[in-house]
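Residue numbers (the numbering used here), protein chains in the order written: chain A, 1 to 393; chain B, 394 to 786; chain C, 787 to 956; chain D, 957 to 1126.
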Amino acid sequence: MAEYSFASVVLMLIKRIEIVAMLAVAILLLVGAPSARAQLPADQMTTLTLPDPKPNWVYIMDLQFPVNMLQKIWIIDGETRKLLGTVFGGYEANFEISPDHREMYMIDTYYSRGWRGDRTDVVTIFDAHTTNVLGEIALPPKRLLIVPKRNTTSITPDGRFLLVANMTPATSVSIVDLKGRKFLGEIETPGCAQVAATGNRQFFSMCADGSMLTVQFDDSGKQIAKSQSKPLFDPNTDPMFDQPAVVGNKAYFVSYHGKVLPVDFSGPEAAAQPSWSLVDDKDVAQKWRPGGWQTVTYQAKSGILYALMHQGGEWTHKQFGTEVWAFNAQTHARVQRIKLKTPGYSIRVSNADKPILFDMSLLPSKLETYSAPDGKFLGEYDDIGSPFLLYGP
Amino acid sequence: MAEYSFASVVLMLIKRIEIVAMLAVAILLLVGAPSARAQLPADQMTTLTLPDPKPNWVYIMDLQFPVNMLQKIWIIDGETRKLLGTVFGGYEANFEISPDHREMYMIDTYYSRGWRGDRTDVVTIFDAHTTNVLGEIALPPKRLLIVPKRNTTSITPDGRFLLVANMTPATSVSIVDLKGRKFLGEIETPGCAQVAATGNRQFFSMCADGSMLTVQFDDSGKQIAKSQSKPLFDPNTDPMFDQPAVVGNKAYFVSYHGKVLPVDFSGPEAAAQPSWSLVDDKDVAQKWRPGGWQTVTYQAKSGILYALMHQGGEWTHKQFGTEVWAFNAQTHARVQRIKLKTPGYSIRVSNADKPILFDMSLLPSKLETYSAPDGKFLGEYDDIGSPFLLYGP
Amino acid sequence: MDKFVESLTRSIAQRTSRRSFLARLGTFILGAAAIPLLPVDRVARAQGTDFKKSAHKNVNDDLTCDYWKYCAIDGFLCTCCGGDSHDCPPGATPSPTSWVGTCHNPGDNRDYIVSYRDCCGKGACGKCLCGNTEGEMPIYRAQLDSDLIWCFGAPTMVYHCSTSEIVGVK
Amino acid sequence: MDKFVESLTRSIAQRTSRRSFLARLGTFILGAAAIPLLPVDRVARAQGTDFKKSAHKNVNDDLTCDYWKYCAIDGFLCTCCGGDSHDCPPGATPSPTSWVGTCHNPGDNRDYIVSYRDCCGKGACGKCLCGNTEGEMPIYRAQLDSDLIWCFGAPTMVYHCSTSEIVGVK
């Protein structure tokens, strides 16, 4: 204790001495002098950067429940199950990654005093390697504010346009020019909600009557064609989940009762392809049906569709899934039943050569990885807040 | 299902009809027509207001961990253990209640984009009955940003001035005129930190060498006297916790090793009164010592001092307390040992005629109530986030 | 009730285009006769399902998700947040917009039309989270989507908690 | 290291008065001879206490609070957040200000002087929370208070995670 008190006395004594220069000298002495006998070199403190995203990385949207106004993306390497970094956002945030993997975008809402004050809707642009903020693009304060879902925002395959679904409750889509860093305008989508790009100048929205609205726009963000299909399903008898697996200009919708509806969006109007079922009579008898949050995912390379399944009655469409079922999307044959260690709320399959199936559970907060499609459990990563959505590069 | 589909058809049919007037009529019909046979009347939706605060109410600061940037106050009636309302704040927020119980204040920091952007330090004024925001007072963006502690802000007994501790890391105190709704200026407190009002125009700060700085100021917020005492304790051998029990112009400090130091702040310079110990030789042998976050609380009416105690070695000053010990502050006699059902992090005794001792635990997140000083367990209230501080009206 | 109709009508007239209004309209009413209300049918749909068979033990306790009036509530119960089953906690504003459902009161064996109105304007309450998904629909049926922030027309779109207000008897 | 001294010195010169600087000074250094460093003594004080006897099993695992270099760390380990024991995760900025301690490396049986530098400028990481209170002092000894947001001089005062940087051998 004696030395310590002495130190305090020294501290008091030097109170009135000009000291900046001395400090610099002293630290140099400190660092220089003992280094001769040092085993470990002095650390050089830096900020790390991320390498180019790999196909088996996963980006997890954490609501930071119950706050929900300061959401977080966890960037995790699915192979090593190591956290690589984080990205932060605001209220009911959406996230997108540029197709060239150079940028990331948070699309969200901030209030000037956190939970109150003036509302600002904004796209925040992040460098994908440094995660530094590169800039902002202001949006009309009309964003669809909903517990985050995929297809609340979407990015065109060429990376040029970001599409943002609005609801005031009038529905529209904001068109943002990511290259020009500016908001271009809005396209109204009456009676239809959400947005998913299916081409460089094309998107679709799902409509209240089960029809699909296809919109084409030009480089200035102006609508040039709009076509609403006839109803492709009946929401009254068997609604389709509103987070389909969208791959290129095709989307796989899955219904509350387990029907699969592939829809071709290559033309000016949506065209339904023959529907098929995830469940056979025996499955139905055992009450198997899809459910959760992100309930369906598709791997383009293998042509395999994965659905998160549970056993439950009517209106159990948000129940956690106990199994993931894998189907050949061409033959409709079920190729695998994967029993999950922890019931999942959202799933995603990577588009890697050795794909990983990600199973995310909310309670407990956990990410599990399985080899796809064979379903071998690979490992887990815990404590990711209140995770709702999975994204891939 | 048939009616439902029909309903959808109706919905489609009326798509182009002007409908606002019809809606009003229809709802009136709806409400009016069946009311003859209604058992329960239609609800009249309102917003509730709070009655005048009662002595056994408690205000709990929840960090909303790990977000920490959108903190919350839970207002709980200690007698009924019912949640009465909430107040929200920002980053490392502090909270105060006006002595006349008409207003509440959040003193905190917001960034324009939640977790980044421009910093705003601000006092937000809330009506104590409606919890509506009455206004704001801007502060220099210098607030002492620390996991919230009492005495980071303080309010004068007459309710006129709010005192806000700053650290840049230069230390000072911002003087805010609550009646005039404006920031008046800063008083420097070199080498000393925090702030606690001990009079209408007087506060003290604790200094690095164990001395106390007493500052007097005038109605314009200007310093008129400043006096630093000699060291009243030795921080090197036995530091005092920095959240003493302050009552009027007296403060009870408790040390890491269990010493009690009463200090009289009625004069222009702090005057130590004889110190005494919470622990006798037997207690020391059993390693009893105070710890936690809010470790000491004093009830003026009874003259009883309560300390949160645990058994642990050196540097266990943040360990949860398993017992609360009650002492007659005059005779220094221990009048009660209260075994806590759940080890606590912070304690507070109310100043009611039938006082309640509040024990707050962090893990699990829980408030427990005991009669004071006899320590009968009364009940609990669970799930209050990540609570750190207790305030009373 | 006048206030409710008034604010609802005013809010709709002021804030929404005819088009958007339509989406919300389904929420409230489907024809000139004021019957049927769209969500009313959800009860019919749900009857005979497993959902109905489970739980519903605390039908008279408005601090639980099972309270009869909360049959399709989703969010934090205002009852647990300093409010009431049909009153906002201090400092929160009843949203002028909402969606409507029908709940069966076992106490008098009647079906009541209830309006699920969010209390808005302060941070999430965080207490008594209910996720009753009976009849809950995707966002393209916004009027039946409980994940949506139902604070349209409130001072801010910040969600605090959920109430259920009796509008009348079916 | 030059960069560190430079930024530290510049930061102090630019941002703090002589007075405030004093408080921070104790953090780094106590006399012209560069010895003793104030926090060095904390190890001495802690020796022979119960604290030292407990835990410290994972002294070589920098993902745990027991890692030798983290002997007085308080906060989220940057190692768990996409950073390293002495590197900030992507997008976070090393604070130009910090406090210093001494940790014993059982690997080479030497005492290293380490600088506890926070990474600032993004929301709290939330992983691997450590609360090592060995030698931790109240706020009036700010330089030894780990509850303080140690982001003075960083672009923003928003705390992300904590590192421990070897400065030299004692």
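Glycine included, C-beta positions come from ideal geometry on N, C-alpha and C. As the structure is a computational prediction, the values presented were derived from the model and not from experiment.
Asked, Found
"Close-in-space but distant-in-sequence residues of the same chain around Phe1108 (chain D) (CB under 6 angstroms, 5 per side omitted)", "Thr1053"
"Under 9 angstroms (Cβ pairs) to chain B, residues found in the stretch 113 to 127 of chain A", "Arg113, Gly114, Trp115, Arg116, Gly117, Thr120, Val122, Thr124"
"Per-residue burial, Asn895 (chain C) [other beta carbons within 10 Å of its own, 16 or more giving buried]", "exposed"
"Cβ contact check for the stretch 555 to 568 of chain B and the stretch 583 to 598 of chain B: 3 or more pairs under 8 angstroms", "yes"
"CB contact check: Asn249 (chain A) to chain D, cutoff 8 angstroms", "no"
"Spatially closest choice to Ser266 (chain A) from A:Asn236, A:Asp219, A:Ile338, A:Ser227, by CA coordinates", "A:Ser227"
"Same chain, Cβ closer than 8 angstroms to Asn559 (chain B), neighbours up to 5 away in sequence not counted", "Pro533, Lys535, Arg536, Leu537, Ser565, Val566, Ser567, Glu579"
"Boundaries (first-last residue) of the beta strand (DSSP E) holding Lys759 (chain B)", "759 to 764"
"Rounded straight-line distance, which links the Cα of Cys1075 (chain D) to that of Tyr252 (chain A)", "43 angstroms"
"DSSP three-state assignment for Leu654 (chain B), whether helix, strand or coil", "strand"
"Against chain C: residues of the stretch 301 to 319 of chain A by CB proximity under 9 angstroms", "Gly312, Gly313, Glu314, Trp315, Thr316, His317, Lys318, Gln319"
"Pair within 8 angstroms by beta-carbon distance, Leu162 (chain A) and Leu178 (chain A)", "yes"
"Interface residues of chain C facing Met69 (chain A) [CB-CB closer than 9 angstroms]", "Gly909, Ala910, Val944"
"Gly1087 (chain D) burial status per 10 Å Cβ neighbour count (16 or more: buried)", "exposed"
"8 angstroms Cβ shell around Gly573 (chain B) - same chain, five flanking residues per side excluded", "none"
"Secondary structure of Ile17 (chain A), DSSP reduced to three states", "Legend: pLDDT at Ile17 (chain A) = 28, less than 50; position of this residue unreliable, value from coordinates given subsequently. Note: Ile17 (chain A) maps to coil in three-state DSSP."
"Rounded straight-line distance, which links the Cα of Ala285 (chain A) to that of Leu48 (chain A)", "54 angstroms"
"Near-chain C residues of the stretch 436 to 461 of chain B (beta-carbon distance less than 8 angstroms), N- to C-terminal order", "Asp436, Gln437, Met438, Thr439, Thr440, Leu441, Thr442, Leu443"
"is_contact[Asp238 (chain A), chain C] using C-beta, thresh 8 angstroms", "no"
"Nearest neighbour of Tyr504 (chain B), chosen from A:Gly90, A:His101, A:Phe95 [CA to CA]", "A:Gly90"
"Val953 (chain C) vs Val886 (chain C) beta-carbon contact at 8 angstroms", "yes"
"CB-CB length for Thr1119 (chain D) against Lys711 (chain B), believed under 8 angstroms", "Incorrect: roughly 22 angstroms between the Cβ atoms, too far for contact."
"Gly778 (chain B) versus Trp276 (chain A) - alpha carbon distance", "46 angstroms"
"Collapsed DSSP secondary structure at Tyr504 (chain B) in the structure displayed", "strand"
"Inter-residue spacing [alpha-carbon to alpha-carbon] between Leu362 (chain A) and Tyr345 (chain A)", "6 angstroms"
"Unbroken beta strand (DSSP E) run spanning Val460 (chain B), endpoints", "Run containing Val460 (chain B): none; DSSP gives neither H nor E here."
"Limits of the unbroken alpha helix (DSSP H) element including Asp283 (chain A)", "281 to 285"
"Anticipated Cβ contact below 8 angstroms, Pro339 (chain B) with Asn744 (chain B), distance rounded", "Residue coverage of chain B in this structure runs from 394 to 786, which leaves residue 339 (chain B) outside it and unanswerable."
"Straight-line Cα distance separating Ser229 (chain A) from Ala270 (chain A)", "6 angstroms"
"Residues that Gln228 (chain A) bridges to, as DSSP identifies them", "A:Leu213"
"Residue(s) in a DSSP beta bridge with Lys575 (chain B)", "B:Asp570"
"Residues from the stretch 335 to 347 of chain A in contact with chain D, defined by Cβ distance under 7 angstroms", "none"
"Partner residues on chain B for His872 (chain C), Cβ-Cβ distance less than 7 angstroms", "Asp436, Met438"
"Contacting residues, own chain, Cβ-Cβ under 8 angstroms from Pro628 (chain B) (five flanking each side not counted)", "Ala601, Asp602, Gly603"
"For Ala1098 (chain D), the first and last residue of its enclosing beta strand (DSSP E)", "Ala1098 (chain D) -> no beta strand (DSSP E), and no H or E assigned at all."
"Closest residue to Gln704 (chain B) among B:Trp686, B:Gln723, B:Asp676, B:Ala719 (Cα-Cα distance)", "B:Asp676"
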